[in-house]
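K.L.:
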Amino acid sequence: MNAVLRGAMRRVRLVGEAGMSTAEYAVGTIAAVAFAGVLLKVVTSPAVQSALTAILAKALKG
């Protein structure tokens with residue numbers, strides 16, 4: 026394969042992947058937001074809040 030053809034194939038490959046990274050960032054962002062939502066629900070639950078309060082109280086006492 027000559028150098029011109031390899032260069033053209035490389036450019037086509039790079040252009041074809043340009044939208045792919047944007048889609049991957051979008052999926053990653055949606056996953057991060059979903060994880061943050063679940064984490065918020067867990068941390069704000071009464072059971073976890075009381076456990077965290079007890080841990081902090083014990084750490085500050087001693």
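Residues in the sequence shown are numbered consecutively from 26, following our numbering. Ideal placement from N, C-alpha and C gives every residue a C-beta, glycine not left out.
#1: Using a threshold of 8 Å, state whether the C-beta atoms of valine 67 and valine 58 are closer than that.
#2: What three-state label does DSSP hand threonine 47 in the structure shown?
#3: What would DSSP say about serine 70, mapped onto helix, strand or coil?
#4: Would you kindly work out how many angstroms separate the C-alpha atoms of arginine 31 and serine 70, rounded to a whole number?
P.N.:
Walking through what the data contain:
#1: Translated into positions along the sequence shown, residue 67 becomes position 42. Translated into positions along the sequence shown, residue 58 becomes position 33. No, these two residues do not count as a Cβ contact at 8 Å.
#2: For the purposes of this step, residue 47 is identified with residue 22 of the sequence shown, where counting begins at 1. The three-state reading of DSSP puts threonine 47 in helix, counting H, G and I together.
#3: Locating residue 70 in the sequence shown gives position 45, where the first residue counts as 1. Of the three classes helix, strand and coil, the one that applies to serine 70 here is coil, per DSSP.
#4: The count along the sequence shown starts at 1 and reaches residue 31 at position 6. The count along the sequence shown starts at 1 and reaches residue 70 at position 45. When only Cα atoms are considered, arginine 31 and serine 70 end up about 58 Å apart.
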